[in-house]
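Once you know that position 9 of the sequence shown is 8 in numbering that gives the first Met the number 0, the rest is easy, because the numbers rise by one and skip nothing. Where is the CB? At the ideal position from N, CA and C, for every residue including glycine. Reading through the structure tokens given below for one structure.
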Amino acid sequence: MIQKTAVVTGGAGFLGSHLCDRLISEGMKVVCIDNLLTGNLNNISHLFGNENFTFLKHDITNFIFVPGNVDYILHFASPASPIDYLKLPIQTLKVGSLGTHKVLGLAKEKNARILLASTSEVYGDPEIHPQEETYWGNVNPIGPRGVYDEAKRFAEAITMAYHRYHGVETRIVRIFNTYGPRMRLDDGRALPAFVGQALRGQDITVFGDGSQTRSFCYVSDLVEGIYRLLLSDEVEPVNIGNPDEITIKQFAEEVLRIMNSKSKIIYQPLPQDDPKVRQPNIEKAKRILGWQPKIDREEGLKITIEYFKNLVLP
Ligand code: UDP
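Printed below as a string of structure tokens:
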């Protein structure tokens, strides 16, 4: 069998690096592209020296050159946590728009199949609950989250256009909140924030009254869903996430309980346009990919907390 080659943009990031691992373990050659804006070489250092792994430090908003044959492209480059895209609004818009355009150009040139990392943020502050793929969303284009939400909505639109107009083989995954090792402790998301605060003995900052909900998926489940989608025939978007929904207050309490922490919960203002609820409807993924998550939150949290402990207290 001829060895396949996959390009992973954002391959030094949290999800990108786990995908590099998976594709290598499936026997593929992997070309990882990252400009290291929010990615980190520590996430892929174990792959250096592997003959099937190549790293290119490159900003994909500029022309992308990859020599040789490419079979798959997994387009994961983007700042992805709310504080990252608040700090990097222009880069976030550029990578979702110009970057996606370049990546689609590469897919067309190489006759490769491309999988776009989209997001539950395309649903905005949803009026339909749980969110299914047919929902068009409730996004504020000019709010602080608009830079990410609209970039990803544009990315979906141009991906479908390349599919329809150029016949490029495309896949779109809408990723819901995901956690696990290799998240950045300082990325501002709820889980790393809570664990970091508990490890330092600080108060736990819950935004708003903590009644907003999220549904957290462990990274290995997400990677399995994405891999199955990559190999499937489904062109239209597919939600991948864990439907086990919890309020942020309960989530903070759960983290404190598992960590055996005495930190107190304090309440801070809710950021603008923070979605009030979020839960994926995964019926489509179940039906067409035969996929559903396997790792429950307690198990996933324990592994992730252990990872963070080793970072903070080496
Ligand atoms: N959140 C919080 N405290 C923090 C960080 C986040 O209460 O220190 C809340 C945030 O307002 C949101 C939820 O936790 O309601 C999840 O936030 P996150 O940044 O993880 O991702 P989001 O799902 O909003 O993209």
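Closer than 8 Å: residue i CB and nearest the ligand UDP heavy atom
i      : result
Gln211 : yes
Asp273 : yes
Ala284 : no
Val205 : yes
Glu244 : no
Arg163 : no
Asn137 : no
Gln201 : no
Ala192 : yes
Ser80  : yes
Ala154 : no
Gln267 : yes
Pro66  : no
Arg277 : yes
Pro129 : no
Leu270 : Strictly speaking, residue 270 in this sequence is Pro, with Leu absent from that position. Pro270: yes, Cβ under 8 Å from the ligand UDP.
Arg181 : no
Asn241 : no
Glu253 : no
Arg188 : yes
Glu120 : yes
Asn176 : yes
Ile247 : yes
Assigned secondary structure, residue i (DSSP; H/G/I helix, E/B strand, else coil)
i      : result
Ala116 : strand
Gly123 : strand
Arg163 : helix
Ile141 : coil
Pro313 : Model confidence at Pro313 stands at a pLDDT of 45, short of 50, so the residue's coordinates are unreliable; what they give is reported in the following sentence. Reduced to three states, the DSSP call for Pro313 is coil.
Glu305 : helix
Leu300 : helix
Val146 : helix
Boundaries of the alpha helix (DSSP H) in which residue i is found, first to last residue
i      : result
Thr133 : Premise fails: Thr133 is in no alpha helix (DSSP H) and is neither H nor E.
Val172 : Run containing Val172: none in the alpha helix (DSSP H); it sits in the beta strand (DSSP E), 169 to 174.
Ile89  : 88 to 93
Lys293 : Premise fails: Lys293 is in no alpha helix (DSSP H) and is neither H nor E.
Leu103 : 99 to 109
Proximity test, residue i beta-carbon vs the ligand ZN heavy atom, cut-off 8 Å
i      : result
Ala116 : The ligand ZN is not among the ligands present in this structure, which contains only the ligand UDP.
Runs of 3 residues minimum, wholly inside the segment 199 to 281: which ones carry the beta strand (DSSP E) assignment?
203 to 206, 212 to 214, 237 to 239, 244 to 246, 264 to 267
Quick check on the DSSP output: what are the complete alpha helix (DSSP H) runs of length 4 or more inside the segment 2 to 85, in order along the chain?
13 to 24
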